[in-house]
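For reference, the structure is listed below as structure tokens.
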Amino acid sequence: GAEEAEPETPPEAPISPAAVTMDDGGSDLTDRFKYKVHALMGDYDPPSGTVDDENQTGNIMGSLLQFPTEYAFSVVGKTPDAEGDKYAEAVKLALVSVLGSEAPMELRSVPRGTKFTRVSVKVEVESAGMITTIYDALDALEATVMKF
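Take any residue in the sequence shown, count from 1 to its spot, add 61: that is its number in my numbering.
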């Protein structure tokens with residue numbers, strides 16, 4: 062019988078997935094990949110005994126952010142007849158209604174063509190619930206067509 066030769070090892074063998082660690086000192090693993098791995102490992106799970114279903118808000122954000130933190134809200138409003146300044150003021154009032162009049166905020170208003178205005182606001186928030194409340198207040202503005 063003919064003897065079978067051992068297969069040659071390729072010069073650059075692929076790295077075993079078991080050899081890849083999360084604390085890799087800034088390799089080219091993307092942040093998105095790292096978030097997925099942490100999620101699969103249960104690092105973002107809410108504490109046991111906490112309700113975790115489709116009716117809860119802020120669980121993921123509460124796990125990803127350290128509060129208090131600076132958070133940027135952006136909204137786009139339909140502003141015909143150059144009413145961008147009025148919309149920006151309405152956005153500011155909506156934030157003041159949640160945060161109080163003493164809360165520092167950095168507001169920037171940019172016209173988007175002739176019919177829309179984008180307003181971006183940086184504020185300090187205390188919790189994921191506060192972020193949700195602010196988005197709800199911004200959504201309640203009649204002119205708001207998009208929030209992110």
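Idealized CB from N, CA, C, for every residue including glycine.
Using a 10 angstroms sphere on the CB of Leu199, the tally of other CB atoms reaches 16 or more, which defines it as buried.
The DSSP-derived three-state label of Thr130 is strand.
Straight-line spacing of the CA atoms in Tyr105 and Thr111 works out to 13 Å. Under the DSSP assignment, Val112 falls outside any alpha helix (DSSP H); it carries neither an H nor an E label. Cβ-Cβ separation between Leu168 and Val182: approximately 5 Å, consistent with a contact (criterion under 8 Å). The C-alpha of Gln127 is placed about 22 Å away from the C-alpha of Val157. A straight-line Cα-Cα distance of about 16 Å links Glu144 and Leu154.
For Thr205, the beta-bridge partners assigned by DSSP are Gly138. In the three-state reduction of the DSSP assignment, Thr194 falls in the helix class.
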